[in-house]
Every structure is written in structure tokens, then in C-alpha cells.
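With the sequence shown counted from 1, adding 1462 to any position gets you this note's numbering.
I have placed the structure first, in the form of C-alpha cells, so that the comments after it can refer back to it.
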Amino acid sequence: MSESLHYVCPHCHTTNRIAKEQLANSPDCGSCHKPLVTGEPVALDADSFARHTGRSQLPVVVDFWAPWCGPCRMMAPGFAQAAQTLAGQAQFAKLDTEAHPQASAPFGIRSIPTMVVFKEGRELGRISGALPPGEIVRWVQSVI
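Structure follows, in C-alpha cells:
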């Protein structure tokens, strides 16, 4: 019997139940039929943030950032590269703290960029400051 898990679609934000071993086989969303594992960070708003962090049984790495933040913009390509490297092991997402302050406020985000790893609504770890791609991958692997 294969272990199944809940995975939130990066396109339509519907929760899907899929076999864990199928993550490597490019599964599609049961609702919108687009790929579930994209290897790209998902842009979140307040509603989709709650769905991804609360329902996903795969770790969700959220980059809390803002468009005016130089270190955030500097880290963005490395964050995207880490998302590609860890596709199928963790879902990467970005939350603009300026556009969606109500979503970030409960987590006490005091400096950006701040990355937080969530799994099933629980915070597993957090780190603040811009990191290079390799460090992002190492940090996420140490948390998950």
C-alpha cells in the first residue's frame, strides 16, 4: 500500500491527494489538470497562503519578501534555483508582505527576506537574511 499525501496545486490551489512516489512522475491536478510539481516558486496571496501552509503534507518553504527590498530581489534567483533543486521534496512559495500584510502579521515577520518552512500548518523552521542558492538548499534540507 503506497503512502498518500495532500499536495496543494500551485495553479488553482485545490488540495489533491496523491501517492508520495508519484511526485517524481509529474502528476497533474485533479481539478485544473496542470502539473502539480513545477519546480517554481508559487506567488501566494492571503487565501492561497492559508491553503498551502495549512493543508500541504509536503513542506512549504515561504519567502516573505517585498518588491522594494534589495536583498529580497538579490535572493530571488537563488530561491527559484532552490525550488528547482528540491522539486518534489518541498513546495516553494513567495508572499509579498507589503501586498498581503494580514497573512504575514501572525508570524511576526520583522525583517525581510525571511524564509519559513511550514508543514500541515506548523512552522518547522525560519531564517532571516538573503542566502545564496546552495545555502538555501542546505538550510531547507536540514529543516525538513
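Cβ atoms here follow ideal geometry from the backbone N, Cα and C, with glycine treated the same way.
To the nearest angstrom, how far is it from the Cα of residue i to the Cα of residue j?
| i | j | result |
| --- | --- | --- |
| Val-1605 | Phe-1580 | 10 Å |
| Val-1522 | Gly-1501 | 12 Å |
| Val-1545 | Phe-1554 | In the sequence as displayed, the identity of residue 1545 is Ala instead of Val. Ala-1545 and Phe-1554: Cα-Cα distance of roughly 6 Å. |
| Ala-1610 | Ser-1573 | Shown here, the chain extends from 1463 to 1606; a query on residue 1610 therefore has no answer. |
| Phe-1511 | Gln-1564 | 11 Å |
| Leu-1485 | Gly-1570 | 32 Å |
| Met-1463 | Trp-1530 | With a pLDDT of 48 at Met-1463, under the threshold of 50, the predicted position of this residue should be treated as unreliable, and no value is reported. |
Quick one: give me the first and last residue of the beta strand (DSSP E) that residue i is part of.
| i | result |
| --- | --- |
| Glu-1587 | First, the amino acid is wrong: residue 1587 is Gly here, not Glu. It spans 1584 to 1590 - the beta strand (DSSP E) in which Gly-1587 sits, taken as one unbroken run. |
| Ile-1480 | 1477 to 1481 |
| Val-1499 | Here Val-1499 belongs to no beta strand (DSSP E), and DSSP marks it neither H nor E. |
| Trp-1601 | Element bounds for Trp-1601: not the beta strand (DSSP E) but the alpha helix (DSSP H), 1595 to 1605. |
| Ala-1545 | Segment 1532 to 1547 is the alpha helix (DSSP H) holding Ala-1545; no beta strand (DSSP E) there. |
| Ser-1573 | Segment: none, Ser-1573 is in no beta strand (DSSP E) and carries neither H nor E. |
Taking the Cβ atom as the reference point for each residue, do residue i and residue j lie within a distance shorter than 7 Å?
| i | j | result |
| --- | --- | --- |
| Pro-1594 | Cys-1534 | no |
| Ala-1505 | Lys-1556 | yes |
Tell me residue i's beta-bridge partners as DSSP assigns them.
| i | result |
| --- | --- |
| Gln-1564 | Partner(s): none; Gln-1564 has no beta bridge. |
| Ala-1555 | Val-1504, Val-1524 |
| His-1468 | Arg-1479 |
Do the segment 1555 to 1563 and the segment 1582 to 1590 touch if we need at least three Cβ pairs shorter than 8 Å?
The segment 1555 to 1563 makes no contact with the segment 1582 to 1590, as fewer than three CB pairs between them are under 8 Å.
Counting Cβ pairs closer than 8 Å, one from the segment 1496 to 1515 and one from the segment 1464 to 1473, do we hit at least three?
Yes, they touch.
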